[in-house]
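Beneath this line is the structure, given in structure tokens, with notes to follow.
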Amino acid sequence: MQALSNILLLIHSYWRWVVVVLLLVTFIKMLIGWVSRSGWGDLDTNLTKWLGMSLGIQFLLGLLVLILNVVTVGTAYIQSAAVIEHTVSNFIAVILGSLSFKRAPVTTRFRNKTIALLLAVVFIYRAVAVVGGW
Ligand code: HEM
Numbered sequence: 007m008q009a010l011s012n013i014l015l016l017i018h019s020y021w022r023w024v025v026v027v028l029l030l031v032t033f034i035k036m037l038i039g040w041v042s043r044s045g046w047g048d049l050d051t052n053l054t055k056w057l058g059m060s061l062g063i064q065f066l067l068g069l070l071v072l073i074l075n076v077v078t079v080g081t082a083y084i085q086s087a088a089v090i091e092h093t094v095s096n097f098i099a100v101i102l103g104s105l106s107f108k109r110a111p112v113t114t115r116f117r118n119k120t121i122a123l124l125l126a127v128v129f130i131y132r133a134v135a136v137v138g139g140w
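The numbers in the working numbering rise by one with no breaks, and the one at position 95 of the sequence shown is 101.
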């Protein structure tokens, strides 16, 4: 069980770079869309979809590590301040990164996505810094 948790943590650790690249690229694309008042294109749909998927995968991996560690180490594991901060901050970041603002007018959608993704970057940056760092 501990070995499985270690493997999942390793994948979770490397998968962060997929999340980070998609987060930054999507953030820049949303910012450009907002500033240039462009229309919503296929690339925007795909980037936001891929980002949502990468965050969903990261969330599932993290949740599995958390559950396996509670089972093997005990509830003391989730009483660690670092684990709590990492989990709560990233939970907020996953929600922020997945907001679609589909019903908003296009420029407002780009603006809201830009702000939500910027906040997600801040939450993720801080959350990773407390568990082993970047
Ligand atoms: C809500 C979603 C998430 C949950 C539940 C979660 C859960 C966890 C847990 C339980 C650990 C082990 C902490 C420890 O024992 O010290 C961990 C480590 C880590 N997490 Fe997350 N995580 C989440 C999201 C993220 C995100 C979004 C990123 C980055 C994009 C991330 C990057 C990392 C990194 C880099 C580590 C350290 C890995 C290592 O020690 O090699 N996590 N996460």
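Just so it is clear, CB atoms sit at the ideal spot from N, CA and C, and this is done for glycine as well.
Residue i, buried or exposed, once every other Cβ within 10 Å from all chains shown has been counted against 16
i      : result
LYS108 : exposed
ASN75  : buried
Start-to-end residues for the alpha helix (DSSP H) that takes in residue i
i      : result
MET59  : 48 to 79
VAL132 : According to the sequence provided, residue 132 is Arg. The question's Val does not apply to it. It spans 112 to 135 - the alpha helix (DSSP H) in which ARG132 sits, taken as one unbroken run.
LYS35  : 8 to 42
GLY139 : Segment: none, GLY139 is in no alpha helix (DSSP H) and carries neither H nor E.
Any chain B beta carbon closer than 8 Å to residue i
i     : result
TRP23 : You won't find chain B in this structure, because it holds only one protein chain.
Short Cβ contact (8 Å threshold) for residue i with residue j
i      : j      : result
TRP21  : GLN85  : no
SER104 : ARG132 : no
LEU123 : THR32  : yes
ARG99  : ALA135 : It is worth fixing the name first, because residue 99 is Ala in this sequence and not Arg. Not a contact, by the Cβ cut-off of 8 Å.
ARG115 : TRP56  : no
SER60  : LEU30  : no
THR54  : GLN8   : no
**OP:** Mind the definition here: the segment 12 to 28 touches the segment 64 to 73 only if three or more C-beta pairs lie below 8 Å; say whether that holds.
**Re:** yes
**OP:** State whether the segment 32 to 39 contacts the segment 85 to 97, with contact taken as three or more CB pairs (one from each stretch) at a distance under 8 Å.
**Re:** Judged by Cβ distances under 8 Å, the segment 32 to 39 makes no contact with the segment 85 to 97, as fewer than three pairs qualify.
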